Amino acid sequence: MTSATTAPAGVTSYDALVARALAGALGPDPAALRIAVAFTTRQAVRHDGRGTGYRNEVLSLRLAEAVGSCAVEPGALPDRAVEECVGADVASLLGHPLPPVRVAALDAYLMHVTPHTPDHGARAVALPAGTSLEKSRARARAVAELLDLPPGARVLVVGVVNSLLEALRARGLEYVPCDLKGGVTEWGEPVVTDALAEAGRCDALLVSGMTLGNGTFEPLREHALRHGKQLVMFAQTGSAVLPRFLGHGVSAVCAEPYPFFWLDGGPGTLHRYRAGCPGDAR
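So in the UniProt record's numbering the end of the sequence shown lands on 282, straight run, no missing numbers.
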């Protein structure tokens, strides 16, 4: 079992984590494990009472009892990717030319090796049944609670989710919304596109796991580590990957493996991890 307060020894970057997985240093030889099922999940949503909507697309890979996922920009994933994953061994997928395939494969492998259980540092948070907006707001509160900041502090939010912005505002926190797509928030606030350019003027970072798939996670982790800032990850993408960086730039993770809250109206479970708290981080 890995340490309760830090990432595995020697894991100093995402690439280092992949290398350790390939070497069999984190569990079974990934070359001996095959993906049984590969699928994509696509959705479009516009919550009641909201003036704007959004779309999601997620690649998911099933390894035994585990499902690993990586979100992609809608339409960006070629259809052949799903067929290429089915029956492939995990080691080959960790070297796949498409980054989302590599991330989903690593997530599935680590979910198989260290599922979200108390033994691995996860603390379950019940997500109540409700409408899409009610569940979105409940998740947002669970994520925002992982930030330890006084009112008036400024948070860089990478991956704009309007319910998260609401939750930050309710706590008296300022925020800078950032997303590669740009645009404006539900309330007409401009969304910046360069996270690193804005990070210096923010006290903490609240970042989507989707940054794993688009290659922007490592610079943000390094910024947080270098400047001693809180970096809280909300993770549907890489929910089993990101806890590995607790104490190495990541201060907390709200992990949400498949199936995600937006797939149905029933109850669900989130898994929270914190660095530096015994039994509350991997």
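C-beta atoms are modelled at their ideal positions from N, C-alpha and C, and glycine is treated no differently. For clarity, every value in this text was computed on a predicted model and none was experimentally measured.
{"Asked": "Assigned secondary structure, G276 (DSSP; H/G/I helix, E/B strand, else coil)", "Found": "coil"}
{"Asked": "Beta carbon of L206 nearer than 9 angstroms to that of V232", "Found": "yes"}
{"Asked": "Meets three-Cβ-pair contact criterion under 8 angstroms: the region 218 to 234 and the region 246 to 264", "Found": "yes"}
{"Asked": "Three-state secondary structure assigned by DSSP to residue 283", "Found": "The requested residue 283 is not part of the displayed model; the chain covers only 1 to 282."}
{"Asked": "Three-way DSSP call (helix, strand, coil) for H112 in this model", "Found": "helix"}
{"Asked": "Per-residue DSSP class, three states only, for S69", "Found": "strand"}
{"Asked": "One or two residues paired with G268 in a DSSP bridge", "Found": "L127"}
{"Asked": "Separation of V11 from V18, as counted between CA atoms", "Found": "9 angstroms"}
{"Asked": "Extent of the continuous beta strand (DSSP E) run through C178", "Found": "174 to 178"}
{"Asked": "Backbone secondary structure at F260 - three-state DSSP", "Found": "coil"}
{"Asked": "Selected residue, minimal CA-CA separation from G182, among A167, A76, V158, L164", "Found": "V158"}
{"Asked": "Pair within 9 angstroms by beta-carbon distance, L61 and L93", "Found": "yes"}
{"Asked": "As assigned by DSSP and simplified to three states, the class of P57", "Found": "Here residue 57 is Glu; the residue named in the question, Pro, does not match the sequence. Note: E57 maps to strand in three-state DSSP."}
{"Asked": "Test item: CB-CB of V191 and C202 under 9 angstroms", "Found": "no"}
{"Asked": "Beta-ladder partner(s) of F39, from DSSP", "Found": "S60"}
{"Asked": "Neighbourhood of S136 by C-beta, 6 angstroms cutoff - its chain only, sequence neighbours within 5 removed", "Found": "S163"}
{"Asked": "For F245, the first and last residue of its enclosing alpha helix (DSSP H)", "Found": "Per DSSP, F245 belongs to no alpha helix (DSSP H) and is neither H nor E."}
{"Asked": "Given Q236 as reference, the closest of R34, E57, P78, A32 once Cα atoms are compared", "Found": "E57"}
{"Asked": "Which listed residue (T117, G172, V176) has its alpha carbon closest to that of V160", "Found": "V176"}
{"Asked": "Continuous alpha helix (DSSP H) stretch holding L196: start and end", "Found": "195 to 199"}
{"Asked": "Alpha-carbon spacing of R139 relative to A16, whole angstroms", "Found": "31 angstroms"}
{"Asked": "Under the three-state DSSP convention, the category V18 falls into", "Found": "helix"}
{"Asked": "CA nearest to the CA of G68, picked from G213, Y273, G276, R274", "Found": "G213"}
{"Asked": "For R244 and L106, the rounded distance between their alpha carbons", "Found": "12 angstroms"}
{"Asked": "Three-way DSSP call (helix, strand, coil) for L205 in this model", "Found": "strand"}
{"Asked": "Residues near L98 in its chain [Cβ-Cβ closer than 7 angstroms; skip 5 each side]", "Found": "A81"}
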